[in-house]
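A.B. asks: Pasting a structure here, questions to come.
Residue numbers (the UniProt record's numbering): 1 to 636.
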């Protein structure tokens, strides 16, 4: 009896091999011996995707050149091929899979891992008449790997995730292979050269950035006036604001408002109306999901989402952090137990032995078995990094490792407690309010040092001790201010915006769907979407801000009359149905039929939309840019 373990890539295969008692490296695979397996056992591997969907010309020569006459491109079935540079390894894998009695799928434990494995198995003709098992783990530590192989799942349990991922892959192919030539050829008729790629998630993401950029571009600053007071009491002075806050569009209007209240600009007597001090507390931050970690690293290091994911992948493969492509901030009680057992080691690494960590019972803010499905939050493994190993990391990997450790240890630390004092001051009929904070115990904030100190300084100021009924002097002034435009997206805020896209739509049904599917894109694909927009020169990064280029603006103007392409709502409805496929509640056939209907709709209405669109000055900018850049040939 022969067992073949299929890994996703060489480094993963080696991690598996290292967890068994005896290993022999061969060309494209490992031979292993271990008490877990009887008979011949090998580990072979892909290089990620060893097979790819055929391009249109591989189905029909007529589809080789772009032509409106040859659209739509709807193959009757979808075929795969092995790229030339991967044929040698594929043949090794194929030979091993065909000779296997049992195949253990050991690619990454997610939808993409399922897609990689089953497309290889099917292309190798090894998808019938064998026993199929699935390794499903969150860590590449030896102990976790070995335990995973002891607790293999039936591959049928996770097979629907392959069907879901394949439906997503084919849908993206259909929209790209039809939408890209459609828009590119129609824009050529308007005198715009170049190729324009469309995507199921890519296009609404670009449009979100464009909408915000247009909002900022069209923003007109407007002046307004508000009041501010300096209150001098027996024990010191403090600043206060009107309560409720009042703004007026002219200084005269604000002066009239003050007159109504019986006060004027300048000094006048007042009285402390109320002093209230309340003890409050704040829990430590939630554990990281991939998107929250990407946002944090962009904020701290101006790192791109792609760079953060790649740095995380290295830490995962180094066995220091858990699986990176997770969408939840929760862990189970099992992870909590091992984190508690290794807590002192994490604290020692952070040089935080002196910080109390008395919380040793799970808190539902972080620990919730029901909210952990495929993967738990990003946390340290049981393998704590040495100082020497830490020194070998890139600055980004160092920052990631420290943030994950600090956030994990903070879960066991005491809450941050502080006293919040509110002082109300009465001047005639006008009421003023001042709020200040005094830390009582920094608790978990001690772990974050200067980063936490900066936030403290941005919070409310310290207030002098005052008593109710005390007479004070109030110096009132009118400040002229102006409204501010929204801030452009950074990669960090864009990742968050994609995840919370439900806030951008009006329909309650759409909001509900977007909440269910957690926005547009998936945890694993959002970084790639942003990277694709950069590579296609639709957006660029300037001073950490995402800016839509003239080419991107032109595409957005071209698609904005087609809400099915630009709205997060339609993307979310598709994503919702894809999840149903993964839960055995939907079928590929139904989903892809709807995608084909959508493509047919585009072919019907887009020519008229493009014809009636005035691209104005954007057209001139793109024409100038096109002269500097060679046209990229073929399908996008």
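The beta carbon of each residue, even a glycine, is placed where N, CA and C say it ideally should be.
Within 10 angstroms of the Cβ of residue 410, are there 16 or more other Cβ atoms? Answer buried if so, exposed if not.
C.D. replies: Buried.
A.B. asks: Which of the three DSSP states, helix, strand or coil, is assigned to residue 630?
C.D. replies: Confidence at residue 630 is low in this model, with a pLDDT of 47, below 50, so the placement of that residue should be treated as unreliable; the coordinate-derived value is given next. Correct three-state label for residue 630: coil.
A.B. asks: Please look up how many angstroms separate the CB atoms of residue 479 and residue 221, rounded, as I've assumed it's under 8 Å.
C.D. replies: About 15 Å; that fails the 8 Å criterion.
A.B. asks: For the segment 544–568, list the beta strand (DSSP E) runs that are entirely contained and at least 3 residues long, ordered along the chain.
C.D. replies: As far as the segment 544–568 is concerned, its whole beta strand (DSSP E) runs of at least 3 residues are 545–548.
A.B. asks: Using only the alpha-carbon positions, how far apart do residue 364 and residue 422 sit?
C.D. replies: Near 31 Å, if we compare the C-alpha coordinates of residue 422 and residue 364.
A.B. asks: Can you list, in chain order, the stretches of the alpha helix (DSSP H) that have 4 or more residues and sit fully within the segment 387–455?
C.D. replies: Whole alpha helix (DSSP H) segments, 4+ residues: 387–391 and 395–410.
A.B. asks: Leaving aside the five residues before and after residue 9 along the sequence, list all residues of the same chain whose C-beta is less than 8 Å from its C-beta, in chain order.
C.D. replies: 45, 46, 47 and 48, listed in sequence order.
A.B. asks: Tell me, please, whether the segment 364–382 touches the segment 287–297 by the rule of three or more beta-carbon pairs shorter than 8 Å.
C.D. replies: Enough Cβ pairs lie closer than 8 Å, so yes.
A.B. asks: Along the chain, where does the alpha helix (DSSP H) containing residue 492 start, and where does it finish?
C.D. replies: That run of the alpha helix (DSSP H) goes 491–499.
A.B. asks: Cutting at 7 Å between CB atoms, please list the residues of its own chain near residue 549, excluding the five before and the five after it.
C.D. replies: Only 537, 538, 539 and 540 meet the Cβ criterion.
A.B. asks: Taking the Cβ atom as the reference point for each residue, do residue 224 and residue 251 lie within a distance shorter than 8 Å?
C.D. replies: Cβ distance not < 8 Å, so residue 224 and residue 251 don't count as in contact.
A.B. asks: Considering only their Cβ atoms, is the gap separating residue 383 from residue 320 smaller than 8 Å?
C.D. replies: Going by C-beta atoms, residue 320 is nearer than 8 Å to residue 383.
A.B. asks: Assess contact between the segment 346–355 and the segment 324–332, defined as three or more Cβ pairs (one per stretch) separated by less than 8 Å. Is contact present?
C.D. replies: No, because fewer than three Cβ pairs between the segment 346–355 and the segment 324–332 fall closer than 8 Å, the two stretches do not touch.
A.B. asks: Just to confirm, is the Cβ distance from residue 104 to residue 177 under 8 Å?
C.D. replies: The answer is no: Cβ separation not under 8 Å.
A.B. asks: Tell me which residue opens and which closes the beta strand (DSSP E) that residue 200 is part of.
C.D. replies: Neither: residue 200 is in no beta strand (DSSP E) and is coded neither H nor E.
A.B. asks: Figure out for me which residue from 120, 272, 110 and 366 has the closest Cα to the Cα of residue 97.
C.D. replies: Of the candidates 120, 272, 110 and 366, the one whose C-alpha sits nearest the C-alpha of residue 97 is 120.
A.B. asks: Could you tell me the boundaries of the beta strand (DSSP E) in which residue 485 lies?
C.D. replies: Counting along the chain, residue 485 falls outside any beta strand (DSSP E), and DSSP gives it neither H nor E.
A.B. asks: Should residue 1 go down as buried or exposed, given a rule of 16 or more other Cβ atoms within 10 Å for buried?
C.D. replies: When all chains shown are included, residue 1 counts as exposed.
A.B. asks: Go ahead and pull the three-state DSSP assignment for residue 475.
C.D. replies: Correct three-state label for residue 475: strand.
A.B. asks: Count the CB pairs spanning the segment 392–404 and the segment 306–324 that are closer than 8 Å, and state whether there are at least three.
C.D. replies: Yes, the segment 392–404 is in contact with the segment 306–324.
A.B. asks: Could you tell me the alpha carbon to alpha carbon distance between residue 6 and residue 107, rounded to whole angstroms?
C.D. replies: For residue 6 and residue 107, the distance between alpha carbons rounds to 7 Å.
A.B. asks: Can you tell me which of 467, 557 and 587 puts its alpha carbon nearest to the alpha carbon of residue 210?
C.D. replies: The candidate whose alpha carbon is nearest that of residue 210 is 557.
A.B. asks: I'd like the span of the alpha helix (DSSP H) that includes residue 259, first residue to last.
C.D. replies: From DSSP, the alpha helix (DSSP H) with residue 259 extends over 251–260.
A.B. asks: Taking the alpha carbon of residue 71 as the point to measure from, which residue in 613, 150 and 604 has its own alpha carbon closest?
C.D. replies: Among 613, 150 and 604, the Cα nearest to that of residue 71 is on 604.
A.B. asks: Residues in its own chain within less than 7 Å of residue 527 by CB, not counting five upstream and five downstream?
C.D. replies: Excluding sequence neighbours, residue 527 sits near 294, 305, 306 and 309.
A.B. asks: Under three-state DSSP, which class holds residue 18?
C.D. replies: Helix.
A.B. asks: Return helix, strand or coil for residue 59, following the three-state DSSP convention.
C.D. replies: DSSP places residue 59 in coil when its eight states are reduced to three.
A.B. asks: Measure the alpha-carbon distance for residue 326 versus residue 302 and round it to whole angstroms.
C.D. replies: Distance between the alpha carbons of residue 326 and residue 302 is about 21 Å.
A.B. asks: Decide if residue 258 is buried, meaning its Cβ has at least 16 other Cβ atoms within 10 Å, or exposed.
C.D. replies: Buried.
A.B. asks: Give me the Cα-Cα distance between residue 367 and residue 334, rounded to the nearest whole angstrom.
C.D. replies: Using only the alpha carbons, I get a separation of about 9 Å.
A.B. asks: Less than 8 Å separating the beta-carbons of residue 425 and residue 240?
C.D. replies: Result yes, Cβ atoms of residue 425 and residue 240 sit closer than 8 Å.
A.B. asks: Going along the chain, which residues of its own chain have a beta-carbon closer than 8 Å to the beta-carbon of residue 280, five neighbours each way excluded?
C.D. replies: Within the same chain, residue 280 has close Cβ partners 417, 418, 419 and 420.
A.B. asks: Can you round the beta-carbon distance between residue 30 and residue 17 to whole angstroms, since I take them to be within the 8 Å contact cut?
C.D. replies: Right, the Cβ-Cβ distance comes to about 4 Å (below 8 Å), so this counts as a contact.
A.B. asks: So the beta strand (DSSP E) residue 3 belongs to, where does it begin and stop?
C.D. replies: It spans 3–7 - the beta strand (DSSP E) in which residue 3 sits, taken as one unbroken run.
A.B. asks: Since residue 239 sits in a beta bridge, which residues does DSSP pair it with?
C.D. replies: Partner(s): 230.
A.B. asks: Is residue 174 near residue 610, with beta carbons less than 8 Å apart?
C.D. replies: It is not a contact, given that the beta carbons lie outside the stated cut-off.
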